[in-house]
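Protein chains: 2
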Amino acid sequence: MTGDILRLTELPPLRRDQVLERLRNAIIAGHFKPGDRLIERELCERMGVSRTSIREALRHLEAEHLIQVEPRRGPVVARITRKQIVEIYEVRALLEAALVRRFAERASDEQIAALRGIYEDLRITRTTGEVPRIVALTKRYIEHMMDAVDHELIGDMLRKLTARINVVRVLAISVPGRLEESGHELAIVMDAIERRDGELAARSLTTYVQNAAAASLKRFDEVERERDSVSKRGSRTTRAAPARSSGAGRK
Amino acid sequence: MTGDILRLTELPPLRRDQVLERLRNAIIAGHFKPGDRLIERELCERMGVSRTSIREALRHLEAEHLIQVEPRRGPVVARITRKQIVEIYEVRALLEAALVRRFAERASDEQIAALRGIYEDLRITRTTGEVPRIVALTKRYIEHMMDAVDHELIGDMLRKLTARINVVRVLAISVPGRLEESGHELAIVMDAIERRDGELAARSLTTYVQNAAAASLKRFDEVERERDSVSKRGSRTTRAAPARSSGAGRK
DNA sequence: GTCATCATTTTGTATGACAGCAGTCAAGAT
DNA sequence: ATCTTGACTGCTGTCATACAAAATGATGAC
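Quick note, the sequences are listed as chains G and W, same order.
If you're matching positions, the first sequence starts at 19 in the numbering used here and goes up one per residue.
If you're matching positions, the second sequence starts at 19 in the numbering used here and goes up one per residue.
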């Protein structure tokens, strides 16, 4: 019998999984910055585990694209390119649109009411400008839909994608005018859901995400430009990758 | 200077990456069957590397959902559930529709002509019923679009998704009537692309994928039913990885 | 056939070792 | 002062070994 559902003795969580989660959180939270090297021995000491566990967790993060590993140079917190941001938002738009469509069409009235509750919190908080709380509520909002829709794969993919652009995404919130604009879009989405109009909800959410993408890209470009001008006069930055600012197009 | 264009000593590919690729291929090709246990020591011996490299590759495969790891029981080739098949096809439909839309709208005339070439090969081969060749050409077809569209993320995701359902997918080809039906759908897609009608191409491809999903699910259910009735009278539990007589026999 | 008991595998983790690439820094050359 | 060179150091990639705890398999009792 393999399905040990009724197990009494909780077996201890695997060290490598604990390491994985803590590293992942640290990266997403921005505690490690893009480009930072993750040195194994350091991580060992700080987390009190052996290299074995650290390295296995790193392989997992590598597969999630949260770190990049150049052979014999070791892992680095993933830098994100402009093209990647564009692509991630594009796919996010597709997936979230599908998600909200299903939610509008299939969620129970209670689930929709609960979403309305989260939405109202969010709407109010948006007027106060408490960015961390806005981020948290936005997350709650989408997570609520994921739970209700019960689409493991879309949920999984969205979580991984948002992890990759979390830093950029948070920046985008503080783009002037963004909050008002997006508030309007979200209102339409919420109304459409309540009218069970999946199509409209999906279309509106797509617009919302596209605008969010535009805001993120704007901030990204600003940061890039600033970083460039600094590195031009300032000290020599140890940059591993060429990281051309514009026109990264290869032929 | 790190622009290693003129490197003489081609640095050896990392062992863990070689292991990763070989294991991944073995799983996708069905050389290991779903539910088979992957025992570290065995893999070490058969591949001539240490547990370190094997285990790191396994963590990567775990992140790709090609293996499942229950704590302290070790890795097992991922079994796929009916729900997962449904979900994967749903997302595949979304992503491939987006892909073909972009291709229809942006590809060069030459790229479209090349696609037509692959398509014609495929169309002819379909009449002959050579399943392996059909599979190969279908893969070429989609890969050609990925290359042309140059959307790293969608390409990446599609590759990972198809890896997970490869076995089921191949089975579906031999569903009676499927080939004729899908031939028709593909023809519409191809025509729409040539007329630069991204919308129609996307819609048709969605239908195509949905039908493919239906065929796969049908075969999946058949196999399931058969397996159930066998296990009811025959040997008891669903054995994980008995040393199959065919192939490498150990013990 | 079911169940308890013991032997054997296998995983999870730690430790130590070492070759070899990568980045650094100081000494010498121009 | 700047550039070049070469030694130095830091890390990664990989292996071998070890061992506790859990899982699996075998054995025998009821």
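Think of the CB as a built atom: it goes at the ideal place given N, C-alpha and C, for glycine as much as any other residue.
Within 9 Å (strictly less), CB to CB, does Met-164/W reach chain G? no
Of all the CB atoms in chain G, is at least one closer than 9 Å to the CB of Glu-217/W? no
If you draw a straight line from the alpha carbon of Thr-195/W to that of Arg-144/W, how long is it in whole angstroms? The displayed chain sequence assigns Gly, not Thr, to residue 195/W. If you take the alpha carbons of Gly-195/W and Arg-144/W, they lie about 12 Å apart.
Residues of the segment 182 to 205 of chain W with a CB closer than 7 Å to any CB of chain G: list them in chain order, please. none
Between the CA atoms of Met-164/W and Arg-245/G - distance to the nearest angstrom: 33 Å
Compile a chain-ordered list of the residues in the segment 97 to 113 of chain W whose CB is closer than 8 Å to at least one CB of chain G. Lys-101, Gln-102, Glu-105, Ile-106, Glu-108, Val-109, Leu-112, Leu-113
Determine contact between the segment 221 to 240 of chain W and the segment 152 to 172 of chain W, defined as no fewer than three beta-carbon pairs at a distance below 8 Å. no
Which residue's Cα is closest to the Cα of Arg-158/W: Arg-124/W, Val-104/W, Arg-141/W, Gly-147/W? Arg-141/W
Taking Cβ to Cβ, would you say Leu-172/W is nearer than 9 Å to Ala-116/W? At residue 172/W the sequence reads Ile, which differs from the Leu that was named. Yes, the Cβ-Cβ distance between Ile-172/W and Ala-116/W is below 9 Å.
Could you spell out the range, first to last residue, of the alpha helix (DSSP H) harbouring Pro-150/W? Membership of Pro-150/W in the alpha helix (DSSP H) is indicated by the continuous run 149 to 167.
Segments assigned alpha helix (DSSP H), at least 4 residues, entirely inside the segment 65 to 101 of chain G: 69 to 81
With 9 Å as the threshold, decide whether the Cβ of Pro-93/G is near any Cβ in chain W. no
CA-to-CA distance, Ala-210/W to Arg-257/G, given in whole angstroms: In this prediction, Arg-257/G has a pLDDT of 34, which is less than 50 and means its spatial position is unreliable; what the coordinates show is noted afterwards. Straight-line Cα distance between these residues: approximately 46 Å.
Short check: CB of Leu-32/W to CB of His-78/W, under 9 Å? no
Using the beta-carbon of each residue, which ones in chain W are nearer than 9 Å to Ala-116/G? Glu-108, Val-109, Leu-112
Where Leu-29/G meets chain W, residues with beta-carbon distance less than 8 Å: Pro-89, Arg-90
Measuring straight from C-alpha to C-alpha, what distance separates Leu-84/W and Glu-63/G? 32 Å
Cutting at 7 Å between CB atoms, please list the residues of its own chain near Ala-44/W, excluding the five before and the five after it. Phe-50
Within 9 Å, strictly: CB atoms of Leu-179/G and Val-109/G: yes
Below 8 Å CB to CB, which residues in the same chain sit around Val-118/W once its five sequence neighbours on both sides are set aside? Met-163, Val-207, Ile-211, Gly-216, Ala-219, Ala-220, Leu-223
Please state whether DSSP places Arg-40/W in a helix, a strand or coil. helix
Mark Thr-13/G as exposed unless 16 or more other C-beta atoms lie within 10 angstroms of its C-beta, in which case mark it buried. Outside the displayed span of chain G (19 to 269) sits residue 13/G, for which this structure offers no information.
DSSP three-state assignment for Arg-214/W, whether helix, strand or coil: coil
Proximity winner among Tyr-137/G, Glu-80/G, Ala-47/G, Leu-41/G, relative to Ile-183/G (alpha-carbon distances): Nearest option by C-alpha distance: Ala-47/G.
CA nearest to the CA of Leu-112/W, picked from Arg-243/W, Lys-236/W, Ser-247/W, Tyr-226/W: Tyr-226/W
I want to see whether chain G comes within less than 9 Å of Val-144/W, judged by CB atoms only; does it? Looking at the sequence provided, one finds Arg at residue 144/W rather than Val. Cβ-Cβ to chain G under 9 Å: no for Arg-144/W.
Who are the Cβ neighbours of Ala-75/G in its own chain at under 7 Å, not counting the five residues just before and after it? Arg-34, Val-37, Leu-38, Leu-41
Can you check which of these residues, Glu-80/G, Leu-235/G, Arg-213/G, Pro-30/G, is closest to Ser-192/G by C-alpha distance? Leu-235/G
So which of Glu-161/G, Ile-98/G, Arg-213/G has the shortest CA-CA distance to Val-241/G? Per the Cα distances, Ile-98/G.
Supposed close pair Glu-105/W, His-169/G - CB separation, criterion 8 Å: 6 Å
So what does Arg-55/G bridge to, in DSSP terms? Beta-bridge pairing links Arg-55/G to Val-94/G.
Quick one: what does DSSP say Arg-48/W is sitting in, helix, strand or coil? The amino acid occupying residue 48/W in the given sequence is Gly; Arg does not appear at that position. Three-state DSSP puts Gly-48/W in coil, outside helix and strand.
Distance CB(Arg-59/G)-CB(Arg-69/G) smaller than 9 Å: yes
Determine the burial state of Ser-200/W: buried for a count of at least 16 other Cβ atoms within 10 Å of its Cβ, exposed for fewer. buried
What in chain G is Cβ-close to Glu-170/W, meaning under 8 Å? For Glu-170/W, the chain G residues whose C-beta falls within less than 8 Å of its own C-beta are Lys-101, Gln-102, Glu-105, listed in chain order.
Let me know the secondary structure DSSP gives Ala-125/G once reduced to three states. coil
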